[in-house]
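2 protein chains.
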Amino acid sequence: MKIAIAQLNPIIGDLSGNAVNILKAAETSSIQGVRLLLTPELSLCGYPPRDLLLNPNFIAKMLQRLQQLARELPQNLAVLVGTVEPNFEAELQGKKSLFNGIALLEKGKIQRIFHKHLLPTYDVFDEHRYFSAGDKSNVLILEEEGQAIKIGVTICEDLWNDEEFWGKRSYQVNPIEDLARSQVDFIVNLSASPYSVSKQNLREAMLRHCVLRYKIPIIYTNQIGGNDDLLFDGNSIAFNRNGTLICRARSFATDLRIVEFNPEKQDFLPIQISPLPDCEEAEIWSALVLGVRDYARKCGFSQAVLGLSGGIDSALVAAIASEALGSENVLGVLMPSPYSSEHSLKDAEALVDNLGINSETIAIAEAMTAYDRLLEPLFSGTEFGVAEENIQARIRGNLLMAIANKFNYLLLSTGNKSEMSVGYCTLYGDMNGGLAVISDVPKMRVFSLCRWLNREREVIPQNIIIKPPSAELKPDQKDQDSLPPYEILDEILRQFIEERYSIEEIVNSGCDRATVEKVARLVARAEFKRRQAPPGLKITDRAFGTGWRMPIASRITN
Amino acid sequence: MKIAIAQLNPIIGDLSGNAVNILKAAETSSIQGVRLLLTPELSLCGYPPRDLLLNPNFIAKMLQRLQQLARELPQNLAVLVGTVEPNFEAELQGKKSLFNGIALLEKGKIQRIFHKHLLPTYDVFDEHRYFSAGDKSNVLILEEEGQAIKIGVTICEDLWNDEEFWGKRSYQVNPIEDLARSQVDFIVNLSASPYSVSKQNLREAMLRHCVLRYKIPIIYTNQIGGNDDLLFDGNSIAFNRNGTLICRARSFATDLRIVEFNPEKQDFLPIQISPLPDCEEAEIWSALVLGVRDYARKCGFSQAVLGLSGGIDSALVAAIASEALGSENVLGVLMPSPYSSEHSLKDAEALVDNLGINSETIAIAEAMTAYDRLLEPLFSGTEFGVAEENIQARIRGNLLMAIANKFNYLLLSTGNKSEMSVGYCTLYGDMNGGLAVISDVPKMRVFSLCRWLNREREVIPQNIIIKPPSAELKPDQKDQDSLPPYEILDEILRQFIEERYSIEEIVNSGCDRATVEKVARLVARAEFKRRQAPPGLKITDRAFGTGWRMPIASRITN
Chain W
144 MKIAIAQLNP IIGDLSGNAV NILKAAETSS IQGVRLLLTP ELSLCGYPPR
194 DLLLNPNFIA KMLQRLQQLA RELPQNLAVL VGTVEPNFEA ELQGKKSLFN
244 GIALLEKGKI QRIFHKHLLP TYDVFDEHRY FSAGDKSNVL ILEEEGQAIK
294 IGVTICEDLW NDEEFWGKRS YQVNPIEDLA RSQVDFIVNL SASPYSVSKQ
344 NLREAMLRHC VLRYKIPIIY TNQIGGNDDL LFDGNSIAFN RNGTLICRAR
394 SFATDLRIVE FNPEKQDFLP IQISPLPDCE EAEIWSALVL GVRDYARKCG
444 FSQAVLGLSG GIDSALVAAI ASEALGSENV LGVLMPSPYS SEHSLKDAEA
494 LVDNLGINSE TIAIAEAMTA YDRLLEPLFS GTEFGVAEEN IQARIRGNLL
544 MAIANKFNYL LLSTGNKSEM SVGYCTLYGD MNGGLAVISD VPKMRVFSLC
594 RWLNREREVI PQNIIIKPPS AELKPDQKDQ DSLPPYEILD EILRQFIEER
644 YSIEEIVNSG CDRATVEKVA RLVARAEFKR RQAPPGLKIT DRAFGTGWRM
694 PIASRITN
Chain L
144 MKIAIAQLNP IIGDLSGNAV NILKAAETSS IQGVRLLLTP ELSLCGYPPR
194 DLLLNPNFIA KMLQRLQQLA RELPQNLAVL VGTVEPNFEA ELQGKKSLFN
244 GIALLEKGKI QRIFHKHLLP TYDVFDEHRY FSAGDKSNVL ILEEEGQAIK
294 IGVTICEDLW NDEEFWGKRS YQVNPIEDLA RSQVDFIVNL SASPYSVSKQ
344 NLREAMLRHC VLRYKIPIIY TNQIGGNDDL LFDGNSIAFN RNGTLICRAR
394 SFATDLRIVE FNPEKQDFLP IQISPLPDCE EAEIWSALVL GVRDYARKCG
444 FSQAVLGLSG GIDSALVAAI ASEALGSENV LGVLMPSPYS SEHSLKDAEA
494 LVDNLGINSE TIAIAEAMTA YDRLLEPLFS GTEFGVAEEN IQARIRGNLL
544 MAIANKFNYL LLSTGNKSEM SVGYCTLYGD MNGGLAVISD VPKMRVFSLC
594 RWLNREREVI PQNIIIKPPS AELKPDQKDQ DSLPPYEILD EILRQFIEER
644 YSIEEIVNSG CDRATVEKVA RLVARAEFKR RQAPPGLKIT DRAFGTGWRM
694 PIASRITN
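These protein sequence lines are chains W and L, in that order.
Using the numbering used here, read the first sequence as starting at 144 and increasing by one per residue.
Using the numbering used here, read the second sequence as starting at 144 and increasing by one per residue.
Pasting the structure below:
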């Protein structure tokens, strides 16, 4: 029995467009004699649909489109399509009004809808907001040439509650255990599992563990694509009964893979494995490129603009944008001020040359003078400070938005995670943009990405990598005048934000107490800025996006 | 038996400050012979603490502070304090690691912690993200003068699942029913129930229904205060066994009320009812004033700045800010451009006089010229359009932020809900601010609030109310050139956003199809702006804040 994995890239809410892509995968599969086509979780509406699910009309349209899709599909194929199903008993049972489901489409009809049992409600996931948990057995029996194959159907999180693997339970039930008891021939899992660095290693270790524990082969189908802050890396996989990886689809790209289940051997064949990126930098690079490409495309932009300061952050973002959209579709704007060093302009120009992007140079002194004159009656007698520094960043932000508005470019903001953490950035200034490309990339990782980019030839001019970081908003300013060295800052931030360690614990790990306390204070105080930041591409396990929900008006006891 | 209601205004995360306020209420209560003191839900950390709850150190500190509070409290008093409790069985059971609890503090100790049974996970609520649902009976027996009184303890949502009242169940269990079966003498409910227009009528109708259905008196204690976007109105209440309201604490103010339970009559006395605001405008006004006052205070600001355009939105916000912070602490900045009409400046000046606030005038033409000159090489040959309009708004935004940064003022943004819905506002321009004061107030309500403000004397100059709204970003511009008349727009938006009606349904209610389709398109397209908006004070049942979770990169099927 041939089973196809359609690793699809949906547009959220685009029922017709997503259905067409499912249909195309089905047609290709059908020609190749596939019996069962797998698509990702909520493949019809895209994941995550968020509050679109609260719109009854959207739900009705989804079900109509599902019925239409069932009629359009090739007749010889069974297709599992991710969709919601109304829970008609919800008001009687006191439950949520929808199920997160997988519809079995076959012979022109919706034959059945399986329900997701485990509903993630943590980090970026809000599934208890929308869904009732399924509690029925998800066994699908498919016949081919007189043979009945028993398949266990699971949806994403259903697979993530193995207390042996995790050392704890996260949910009361384990759907895999239940399916094993039903003696299914293999399990399919239809996922929309967001990317974070090295997550595929975790997924493969977990799947292998489940396969070996229950002696059941598993096929795992994942969504790919960028949807706002969330990146989906694909990497769909299948494991044989003995724990051998026999299929891996591409990373960060759509794909269609066919595996064959041999009922005699009770196993999958043949082996077809796409390699994973060969280091974390290569992986993050692909993730960010996909994130920019998809955000632009799905929002209707084909061109992007960004400010080039001559610093490393904007250099990296320019390189990512060139790869994502084509260098001819990227405009870098150099906006020197009287505080800009000579090398800034030179370094930015060298970057423009290396990347082959378009550039414009606009010296901002005249606008600075205009603001100074307008504010003179109010500011006279005060000292140059943060207000004046921010004016420069905001003039640049205003110029970039004017260009973006005029020519319908997507403005990309260039701040990194270290800056966003401690608020070393200007709201309505350098934070301006439709997408914050590297706002989940710590500064030290920005350096390592640039060094990796230069592995064969100079992409990022060497001077940009080696010079000390500076915002250049006042004479001779260096980041390290206000912040701890980035190697120390990033380590404190990792412990504080990603590991959720206390100040005491971080100090005990060997960091200077005053520095840790300062960083904790800065992180809390920058919350109002982060709340107004553009969506930022998530690459770590704890990003400042939909999974970060902090109060602003607060007095935090650390 | 005397029972006190402490209607408290916590600062999120401020364990010590909040504990001190509980202690003060306890001391006052103790002197008056109170046996039981009630405080709101999560009164120790403030509601909603959001992801502070994911920080293990914060949880440990909360429990330490709770123990200390138990020791500090007067010995003759039992106090119910809102706190979390770790669920030590969580990892075995596959549940969340915390309970939302109410600690009984008495005789220097934490005697017991009751758990919340119903965990709201909709709109602004995310309780399944943090909490396990309690499943034990919450009966508290308190003795006084040899008599044992049986009290049912419930937390906020526990009261909101009466299928008779709502016509449906929202949860599988009804804690009130369970307590009625236990034959408690009365029920206490400790809440943090956010404000929306007329919500108190709903609460009182629901409580009365429960009281009459189960023949049990209920005391309801609510939090007050503004926490970011959420406003809590207080209005704590008690109902007698026969459904008579016998106590209502103040609206939008802290309060301490004492009711007495008479074991013979099995009822509360005496009657002490604070009146509700006498119309919706009065109520909304108090809500917004509290929201500004608390956001400023809790973020450490004592002064505010805002732009005065001469229009009605900024006029209303200036009036709210004056009431909240004192007119001497409000700076209105007039920033005329060559497109500003003469009346704009005059109207704004009249407003400044009426309110007695400080003002500055900064003509922005010079900055406009500077930008025009800087952008000339790029923009030459293009027509004046949205890019140029936005530059003006962003110059004003930049000036306001410069003033806010320089003098440590809180910048208030002034956009209304109608504008925010359709994107008739400039990101990084007039949307700038730490708090969006009226971003959940539809334009027609802005008018009615201003007319109400003028009920005794002219606060908002009459011309500001009667002139046609205009952004004045190009010559002779009127809002109604680009948008439907506000009475039509607001009705469509109400149906589309608050009622979640489809385009078809709105058209069937008598609206023009082309207009409805245009509005729906504008609402979807403005999502990227709303994502970067400052927190806005929530006064409706569906605000663009923490309870609005929409994708940006999407293609929505309406």
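No residue lacks a Cβ here, since even glycine has one placed at the ideal position from N, Cα and C.
Keep in mind the model is a prediction, meaning the values are calculated, not measured.
Self-check item: Same chain, Cβ closer than 6 Å to I607/W, five either side skipped, listed in chain order
Solution: Within the first sequence, the letter at position 464 stands for residue 607/W. Around I607/W: I455, A458 and D490.
Quiz item: What whole-angstrom Cβ distance do E641/L and L521/W have, given they're in contact under 8 Å?
Solution: Numbered from its first residue, the second sequence carries residue 641/L at position 498. Numbered from its first residue, the first sequence carries residue 521/W at position 378. That pair is no contact at about 41 Å.
Quiz item: Which one or two residues does DSSP pair with R391/W in a beta bridge?
Solution: Numbered from 1 along the first sequence, position 248 holds the residue referred to as residue 391/W. According to DSSP, R391/W bridges with I380/W and I416/W.
Quiz item: Would I401/W count as contacting chain L if we go by Cβ distances under 7 Å?
Solution: On the first sequence, position 258 is the one that residue 401/W refers to. So no, I401/W is outside the interface.
Quiz item: Of all the alpha helix (DSSP H) runs that stay within the bounds of the stretch 526-614 of chain W, which reach a length of 4 or more residues?
Solution: Unbroken alpha helix (DSSP H) runs of no fewer than 4 residues, entirely contained in the stretch 526-614 of chain W, are found at 529-550, 560-565, 586-596 and 605-609, following chain order.
Exercise. Using a cut-off of 9 Å between C-beta atoms, extract the partners of C568/L located in chain W.
Key: For the purposes of this step, residue 568/L is taken as the residue at position 425 of the second sequence. Within chain W, no residue comes near C568/L; the closest Cβ sits about 14 Å away, beyond 9 Å.
Quiz prompt | alpha helix (DSSP H) segments (min. 4 residues) lying fully within the stretch 423-500 of chain W | solution = DSSP runs (the alpha helix (DSSP H)) wholly in the stretch 423-500 of chain W: 423-442, 455-468 and 485-498.
Quiz item: Cβ atoms of G189/L and F242/L: under 7 Å apart, would you say?
Solution: Reading the second sequence from its first residue, position 99 is the one you call residue 242/L. Reading the second sequence from its first residue, position 46 is the one you call residue 189/L. The answer is no: Cβ separation not under 7 Å.
Practice problem: Take the Cβ of W309/L as the centre, count every other Cβ of all protein chains shown within 10 Å, and call the residue buried at 16 or more, exposed below. | Solution: Along the second sequence, one-based indexing puts residue 309/L at 166. Its Cβ having fewer than 16 others within 10 Å, W309/L is exposed.
Quiz item: How about G176/W: is its Cβ closer than 6 Å to a heavy atom in the ligand MG?
Solution: The ligand MG is not part of the structure shown, which contains no ligands of any sort.
Quiz item: Can you find a CB in chain L that lies within less than 7 Å of the CB of Y357/W?
Solution: The count along the first sequence starts at 1 and reaches residue 357/W at position 214. No - not a single Cβ of chain L is within 7 Å of the one on Y357/W.
Practice problem: Assign D496/L to one of two classes, buried (16 or more other C-beta atoms within 10 Å of its C-beta) or exposed (fewer than that). | Solution: Here residue 496/L refers to the residue found at position 353 when the second sequence is read from its first residue. Burial call: exposed.
Quiz item: Using a C-beta cutoff of 7 Å, does R685/L count as contacting chain W?
Solution: Position 542 of the second sequence, counted from the start, is the residue given in the question as residue 685/L. Cβ-Cβ to chain W under 7 Å: no for R685/L.
Quiz item: Any contact of the stretch 672-689 of chain L with the stretch 644-662 of chain L, i.e. 3+ C-beta pairs under 8 Å?
Solution: no
Practice problem: Answer with yes or no whether the minimum CB distance from R673/W to chain L is below 7 Å. | Solution: As a working mapping, residue 673/W is identified with position 530 in the first sequence. Not closer than 7 Å to any Cβ of chain L, the Cβ of R673/W fails to qualify, so no.
Exercise. Measure the C-alpha to C-alpha separation of A447/L and M574/L and round it to an integer number of angstroms.
Key: Looking up residue 447/L in the second sequence gives position 304. Looking up residue 574/L in the second sequence gives position 431. Cα to Cα, the separation comes out at about 15 Å.
Quiz prompt | Limits of the beta strand (DSSP E) - the one that R255/L falls within | solution = If you number the second sequence from 1, residue 255/L lands on position 112. First-last of the beta strand (DSSP E) with R255/L: K252 to H258.
Practice problem: Examine the Cβ distances between the stretch 427-436 of chain L and the stretch 176-184 of chain L and report whether three or more of them are shorter than 8 Å. | Solution: The stretch 427-436 of chain L, when compared against the stretch 176-184 of chain L, does not touch it at the 8 Å Cβ threshold.
Exercise. Give a yes or no on whether the C-beta atoms belonging to V333/L and F382/L are separated by under 7 Å.
Key: Locating residue 333/L in the second sequence gives position 190, counting from the first residue. Locating residue 382/L in the second sequence gives position 239, counting from the first residue. With the sequence shown as reference, residue 333/L is identified as Leu, and Val is not the correct amino acid for it. Going by C-beta atoms, L333/L is not nearer than 7 Å to F382/L.
Practice problem: Note down, in chain order, every chain W residue with its Cβ under 7 Å from the Cβ of C654/L. | Solution: On the second sequence, residue 654/L is found 511 positions in, with the first residue counted as 1. By Cβ distance, chain W contributes nothing, its closest Cβ being about 15 Å from C654/L, past 7 Å.
Quiz item: So with Cβ pairs under 7 Å, would you call M693/W a contact of chain L?
Solution: Sequence index remark: in the first sequence, residue 693/W carries index 550 (1-based). Taking Cβ atoms only, chain L reaches closer than 7 Å to M693/W, which makes this a yes.
Self-check item: Proximal residues to M587/W (C-beta, below 7 Å), its chain only, five neighbours per side dropped
Solution: Within the first sequence, residue 587/W is the residue found at index 444, counting from 1. Excluding positions up to five away in sequence, the list reads Y629, E630 and D633.
Quiz item: Which chain C residues sit within Cβ distance under 9 Å of N701/L?
Solution: Absent from the structure is chain C; the protein chains it does hold are W and L.
Practice problem: Specify, as a first and last residue, the run of the alpha helix (DSSP H) that P199/L falls within. | Solution: If you number the second sequence from 1, residue 199/L lands on position 56. Run containing P199/L: P199 to E215, per the alpha helix (DSSP H) assignment.
Practice problem: Taking I148/L and T364/L to be in contact with their CB atoms under 8 Å, please state how far apart those CB atoms are, rounded to whole angstroms. | Solution: As a first step, residue 148/L must be located in the second sequence, where it is residue number 5. As a first step, residue 364/L must be located in the second sequence, where it is residue number 221. Right, their Cβ atoms sit about 5 Å apart.
Self-check item: Ordered list of alpha helix (DSSP H) runs contained in the stretch 282-370 of chain W, each at least 4 residues
Solution: 306-309, 318-324 and 342-357
Quiz item: At least one CB of chain W closer than 7 Å to the CB of V529/L: is that the case?
Solution: Looking up residue 529/L in the second sequence gives position 386. By this cut-off, V529/L is an interface position.
Quiz prompt | Cut-off 6 Å between Cβ atoms - residues of its own chain near S313/W, not counting five sequence neighbours on either side | solution = Here residue 313/W is taken as the residue at index 170 of the first sequence, counted from 1. Excluding residues within five positions, the ones whose Cβ falls inside 6 Å are N304.
Quiz item: From Q315/L, A392/L and A547/L, pick the residue whose C-alpha is nearest to that of G237/W; which is it?
Solution: Reading the first sequence from its first residue, position 94 is the one you call residue 237/W. It is Q315/L.
Quiz item: Which whole-angstrom value is the C-beta distance of I463/L and V580/L, which I expect to be below 8 Å?
Solution: Counted from its first residue, the second sequence places residue 463/L at position 320. Counted from its first residue, the second sequence places residue 580/L at position 437. With 8 Å as the limit, I463/L and V580/L qualify as a contact, their Cβ atoms being about 6 Å apart.
Quiz item: Excluding the five sequence neighbours on either side, which residues of its own chain have a C-beta within less than 8 Å of the C-beta of Q326/W, listed in chain order?
Solution: For the purposes of this step, residue 326/W is taken as the residue at position 183 of the first sequence. Contacts found: K293.
Self-check item: Extent of the continuous alpha helix (DSSP H) run through F671/W
Solution: As a position in the first sequence, residue 671/W is number 528, starting the count at 1. Counting along the chain, the unbroken alpha helix (DSSP H) around F671/W starts and ends at E670 to R674.
Quiz item: In chain L, which residues lie less than 8 Å from D376/W when you measure between Cβ atoms?
Solution: To locate residue 376/W, count along the first sequence from 1; it is residue 233. Under the 8 Å cutoff, chain L gives no residues; its nearest Cβ is about 17 Å from D376/W.
Quiz item: Quick one: is T525/W buried, meaning 16 or more other Cβ sit within 10 Å of its Cβ, or exposed?
Solution: The sequence position of residue 525/W within the first sequence is 382, counting from 1. Flag for T525/W reads exposed.
Quiz prompt | Top-ranked residue by Cα proximity to S260/L, from P318/L, I359/L, L209/L and I245/L | solution = What you label residue 260/L is simply residue 117 of the second sequence in a count that begins at 1. Residue identity check: residue 260/L is His in the sequence provided, not Ser. Of P318/L, I359/L, L209/L and I245/L, the residue nearest in Cα terms is P318/L.
Quiz prompt | Residues near N538/L in its chain [Cβ-Cβ closer than 6 Å; skip 5 each side] | solution = On the second sequence, residue 538/L is found 395 positions in, with the first residue counted as 1. Sequence check: residue 538/L is Ile here, not Asn. So the list reads I507 and A510, once near-sequence residues are dropped.
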